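Start counting the sequence shown at 1; every next residue gets the next number (my numbering). Ideal placement from N, C-alpha and C gives every residue a C-beta, glycine not left out. Computed from a predicted model, the values in this text were never measured in an experiment. Worksheet for the structure shown next.
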Amino acid sequence: MIRNYNEFISELLKAGFSGSVGGKGDGVFGLFRYGWGAEEETDIHWHTGNPDNDPWEWRIRVLTERNDMAYSKLFFRKAGYITKEFYPYFLAARRNGREFEDEYSDGNISNFAKRIYDTVTENNRLSVDEIKQIARLSREDKSKFDNALTELQMKMYLTMCDIYYKTSKEGKEYGFSSTVFCTTETFWGEDIFGKAAKISVNEAVDKITERILYLNSSAQKNKIIKFIKG
């Protein structure tokens, strides 16, 4: 029973990955089995701003305080976590050693997604607001932008890496936060990709499947494959 941030981190490191906190992992695996009613069973309280027992704050703490796990839209087009131990296996399963330009040339990446990807890579790290501004996106582009950003996260080319707040003239943060994105290469460095290059797709699928079935023996095969390959 997860009651606070430290317990969540401990369980996540043991599991290796998890569907979005607060969800049921879409029938595969999520650390919270009771969904949004989890606070009825534990000391968890959503959207209170408490960094210790508000899971909404945990995703930010993972990105800003740690270097051994990633949080992004990774499973079923929803947010989730993958630890450094398992990230090379997911990379191998989803990218199979291929570079972005190879995937784009083969028609596996949309033109709009390439526009977003190029904007981020040319500027290293950008918030959502900055991406829209630099790429000169309009309000009419919102749906295409959201889909492209999700596509790039699911294919593990971009990942969330921080949050950004606007600041007043007095230097005080205000308003809602904006997610910051960077490439997965920037986020992890070469070591993770070197490990992924030595793992075949079949080996990766087998490794992750074995862990999923250990965590949830009733997970269905078709959902497991979709969870792994995106």
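| Asked | Found |
| --- | --- |
| Residue 10 lies in the beta strand (DSSP E); which residues open and close that run? | Not the beta strand (DSSP E): residue 10 falls in the alpha helix (DSSP H), residues 5–15. |
| Can you check which of these residues, 61, 29, 27 and 16, is closest to residue 4 by C-alpha distance? | 61 |
| Do you know offhand how far residue 188's Cα is from residue 230's? | 20 Å |
| So which of 103, 6 and 85 has the shortest CA-CA distance to residue 211? | 85 |
| How many whole angstroms separate the CB atoms of residue 78 and residue 19, which I take to be in contact at a CB cut-off of 8 Å? | 7 Å |
| Under the three-state reduction of DSSP, which class applies to residue 91: helix, strand or coil? | helix |
| Can you tell me where the beta strand (DSSP E) with residue 81 in it begins and where it stops? | 78–83 |
| So residue 127 packs on residue 178, CB below 8 Å; how close in whole Å? | 4 Å |
| Assuming residue 201 contacts residue 96 under a Cβ cut-off of 8 Å, what Cβ separation, rounded to an integer in Å, is found between them? | 5 Å |
| Between residue 158 and residue 83, which are expected to be in contact by the criterion C-beta below 8 Å, what is the C-beta distance as a whole number of angstroms? | In fact, because the Cβ distance is near 19 Å, the residues do not count as touching under 8 Å. |
| Between which residues of its own chain and residue 165 is the CB-CB distance below 6 Å, once the five residues before and five after are set aside? | 173 and 177 |
| What residues in its chain sit with their C-beta under 7 Å from that of residue 71, if we drop five residues either side in the sequence? | 59, 62, 63, 79, 81 and 160 |
| Under three-state DSSP, which class holds residue 170? | coil |
| If you reduce the DSSP assignment to three classes, tell me which class residue 70 lands in. | strand |
| DSSP has residue 126 in a bridge; who is on the other side? | 181 |
| Would you mind working out which of 197, 73 and 144 sits nearest residue 99, comparing C-alpha positions? | 197 |
| Measure how close the beta-carbons of residue 119 and residue 134 come, nearest whole angstrom, since I'm counting them as under 8 Å. | 5 Å |
| Helix, strand or coil for residue 156 per DSSP? | coil |
| Less than 7 Å between the C-beta atoms of residue 92 and residue 219, yes or no? | no |
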